[in-house]
Amino acid sequence: MSLWLYCHFPQLLMDTVCRIHPVVDDYPLAFYDNGQTNKETIVQCNAKAVAAGVEKGQSIALAQSLVPELICRQYSMKKEAQALQQLADKLYQSVDKQVLFPPQGIAIAVESLLRLYQGMDPLVCHLQEQFQAFELDACLSLAYSPEAAQCLAQAGVEQLSTDRWDIHQALADLPVEQFGWNAKRVEKLKKTGIKTLQNLIQIPTAQIGKRFGNELVKALAVLRGEQKSSVHFYQPAERFYVSFDLVTEIERWQGLLFPLKRALKELEQFLYQRQKAIRQLDITLHHREQQQTLIPLRLASDSWRASQFLQFIQLQVDRYPLKQPVMALSLRADYLHELDSDSGQLLADASRHQGDLPDLLSRLQARLGERAVYSPALSSDFRPLLNEQKQQPGVPTTGSERIAKRPIWLLETPQPIDIQHWRLIDGPERLHTGWWDEDTTSRDYWVAKDNQQRTGWLFYQQQWFLQGWFS
C-alpha cells in the first residue's frame with residue numbers, strides 16, 4: 001500500500017498576507033466569508049485578533065463588537081489556491097510527488113522520500129522546517145490514501161505513525177462529518193446511530209452497500225487504501241504570477257516597497273529553482289473600482305535577482321506617481337529564458353556585474369522609458385539623416401559604418417565650419433541618390449579630423465559643413 005502525508009494549512013491566506021505584509025501583525029485582522037448560509041462569519045484571523053477574543057465561526061457583528069478596531073477583509077478562495085500553488089513550487093525542489101487539494105492542502109507520496117530521508121521523523125522534521133521558514137501554520141497526517149490523510153489533518157489529528165493499526169484507529173475515531181460526504185448521507189448515517197467511522201466499519205461491507213449505496217463502499221475502500229486513488233501529480237508552473245491584497249490602502253511608493261520586496265523574493269526563488277532569467281516583468285497596481293496602473297519593467301539583459309529588479313523599479317517611481325491609493329499588487333513574468341554565462345552565475349557575486357553595459361542600459365531604460373534608449377544603426381538609404389535608424393540597445397551593429405564610411409551620429413542641421421581647423425584624410429565620395437522619391441541629393445563628402453583629433457564627416461556646398469561625427 002502507498003503511504004501519503006497530507007499537509008493542511010488552515011490559515012494559508014492569512015499566513016501569506018502576514019508574510020508579505022508583516023505590518024499587519026500590529027493590527028487585529030480577520031477574513032470573513034458568506035459561506036452557504038449567506039451569513040458573514042470569520043474564517044481566518046491573525047494572532048492579534050485571537051488574543052482580543054475573535055474566533056473562527058463568529059459573525060462579523062460579534063467580532064467587531066468584541067474588537068472595534070478589527071480589520072475585516074473578504075476571504076478569497078482563488079487567492080488562497082494561488083498561494084497553495086506558489087508553496088508547491090517552493091517545495092518541488094525537494095518534494096516532487098505532490099497532489100494539490102485546493103485551497104489548503106498538499107498530499108505527498110512519501111515512499112521514495114522515506115528512503116531518501118531515512119525514515120519518517122527526518123522527513124517530517126525537514127518539512128516542518130520548510131513551513132516554519134515560510135511562516136506557515138500546518139498540520140501533518142499520514143495514511144494509506146491522500147483522502148484518508150486529508151480527513152485526519154483537517155480534523156487536527158497529527159497521525160505520523162507508519163503502523164497500520166495506528167492509522168486505522170486514528171481514522172476510526174473520526175466523526176462521520178469529517179469525511180466530506182454529502183449532508184444527506186451524513187444525516188442518514190447519524191439517524192441509524194452511526195456517528196464515527198468505527199461504528200460504520202463494524203457493519204459488513206455487503207450490508208453497507210445495501211443500506212447506504214455502493215458509492216459509500218467505494219469511498220471506504222479508498223480511505224483504507226484498498227482502492228487506488230486517482231491522482232494527478234503537480235507540475236511546476238512555467239510562468240510566474242503572484243497577486244495579493246494589501247491590508248490597508250497605500251498612497252505612497254515608500255509604503256509599497258516592502259510588499260514589493262517580498263513579492264520579488266518569490267520571483268527570485270521561482271527563477272532560481274528553474275535556472276531561468278527574465279527580461280520583462282509587468283507590475284500592476286490595483287486601485288478602487290477595478291482601475292489599474294501597469295508598470296512594465298524591461299531589461300537590456302537577462303536577470304533573476306530580486307535586488308536588481310527592485311533597483312530598476314525604484315528608478316521608475318518618478319514616472320508613475322500614485323494618483324490613487326493602491327489596494328492590491330500583482331506581478332507577472334511570462335517569458336523565461338535559460339540562464340547563460342552573461343546572465344550571471346547563480347552563485348557568483350552580483351557586484352562583479354555592476355559595471356556591465358547591460359546593467360547600465362537596463363537602468364537607463366527603467367529611468368527614461370524603454371523607447372528613450374536605443375542604439376543608432378544605419379539603414380540601406382544612403383542619404384544623410386535618412387540612413388539612420390533605431391535598434392535595440394546593446395545589439396552589435398553589422399559593421400556597415402566602417403565599410404561605407406558613414407557616421408552613425410548625424411547632426412540634424414549641418415553645421416558651418418572653418419576648414420582651416422580640419423585636415424582631410426579620405427574622400428571625396430560622391431553621393432547622388434534620392435531620385436526615386438524626388439528628394440535628390442548630390443554632394444561630395446570627406447572624412448576629416450579637427451584640431452582635437454575628432455573624426456567628422458564634411459561636405460562642401462558653397463562653403464564647408466559638418467554633417468556628422470564618427471564614433
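Note that the sequence shown covers residues 1 to 471 in the UniProt record's numbering. By construction, the Cβ of each residue, glycine as well, lies at the ideal position given by its N, Cα and C atoms. Bear in mind that the values here come from a model prediction, so they are computed numbers and not experimental data.
Exclusion of the five residues before and after Ser59 leaves Lys39, Glu40, Thr41, Ile42 as the residues of its chain whose Cβ lies within less than 8 angstroms of its Cβ.
Close CB contacts of Trp253 within its chain, under the 7 angstroms cut and outside five residues either way in sequence, are with Val317, Leu322 (chain order). CA-CA distance, Lys218 to Ala206, rounds to 12 angstroms. In the three-state scheme derived from DSSP, where H, G and I count as helix and E and B as strand, Phe9 is classed as coil.
The C-alpha of Ala448 lies about 34 angstroms from the C-alpha of Ala300. DSSP, reduced to helix, strand and coil, places Ile201 within a helical segment of the structure shown. Pro236 sits in coil when the DSSP states are folded into three classes, being neither helix nor strand.
Residue pairing by DSSP places Ile278 opposite Ser303, Leu336 in a beta bridge. Check the Cα spacing between Gly105 and each of His286, Arg298, Gly156: the tightest is with Gly156. Note that the C-beta distance between Glu147 and Val222 is below 8 angstroms.
For Cys139, the pairing in a beta bridge is given by DSSP as His8. Scanning its chain for C-beta atoms nearer than 8 angstroms, with the 5 sequence neighbours on each side dropped, one finds around Glu429 the residues Lys405, Asp444, Tyr445, Trp446, in chain order. DSSP places Asp418 outside any alpha helix (DSSP H), giving it a letter other than H or E.
By the Cβ rule, the stretch 255-268 does not count as touching the stretch 173-183, because fewer than three pairs are nearer than 8 angstroms. Inter-residue distance for Gly119 and Ile108 is about 15 angstroms (C-alpha atoms, whole angstroms). For Ile201, the CB contacts under 8 angstroms within the same chain, skipping 5 residues up- and downstream, are Ala172, Leu220 in chain order. Checking the DSSP bridge columns, you'll see Arg164 has no partner listed. His286 places its beta carbon 8 angstroms or farther from that of Val247.
Val99 has Ala107 as its beta-bridge partners, per DSSP. Cβ neighbours of Ser330 within its own chain (closer than 6 angstroms, five residues either side excluded): Ser243, Thr284.
Minimum Cα-Cα distance from Tyr335 among the listed residues Gln291, Leu310, Leu281, Arg288 corresponds to Leu281. Nearest to Asp302 by C-alpha distance, out of Ala277, Leu310, Glu289, is Ala277. In the three-state reduction of the DSSP assignment, Ala219 falls in the helix class. The beta carbon of Gln44 is closer than 8 angstroms to those of Pro10, Gln11, Leu13, Met14, Ala30, Phe31, Lys56, Tyr75 in its chain, skipping five residues each way along the sequence. Ser161 is positioned such that its CB atom lies no closer than 8 angstroms to that of Tyr6. Within its own chain, the residues whose Cβ lies closer than 7 angstroms to the Cβ of Leu411, once the five positions on either side in sequence are excluded, are Leu466, Gln467, Gly468, listed in chain order. Following the DSSP letters along the chain, one finds Phe179 in no beta strand (DSSP E), marked with neither H nor E. Between Pro236 and His21, the CB-CB gap reaches or exceeds 8 angstroms.
Taking C-beta separations shorter than 6 angstroms and ignoring five residues to either side along the sequence, the partners of His337 in its chain run Ala277, Asp302, following chain order. For Ile60, the enclosing alpha helix (DSSP H) starts and ends at 60-66.
Taken through DSSP and simplified to helix, strand or coil, Gly456 comes out as strand. Residue pairing by DSSP puts Phe465 in a beta bridge opposite Pro416, Phe459. Excluding five sequence positions before and after Glu69, the CB atoms of its chain that fall closer than 8 angstroms to its own CB belong to Tyr27, Pro28, given in chain order. DSSP places Thr192 outside both helix and strand once states are collapsed to three, so it counts as coil. Counting the other Cβ atoms within 10 Å of the Cβ of Ile313 gives 16 or more, which makes it buried.
In this structure Ala170 does not touch Leu189 by the C-beta definition: roughly 19 angstroms separates them, more than the 8 angstroms allowed.
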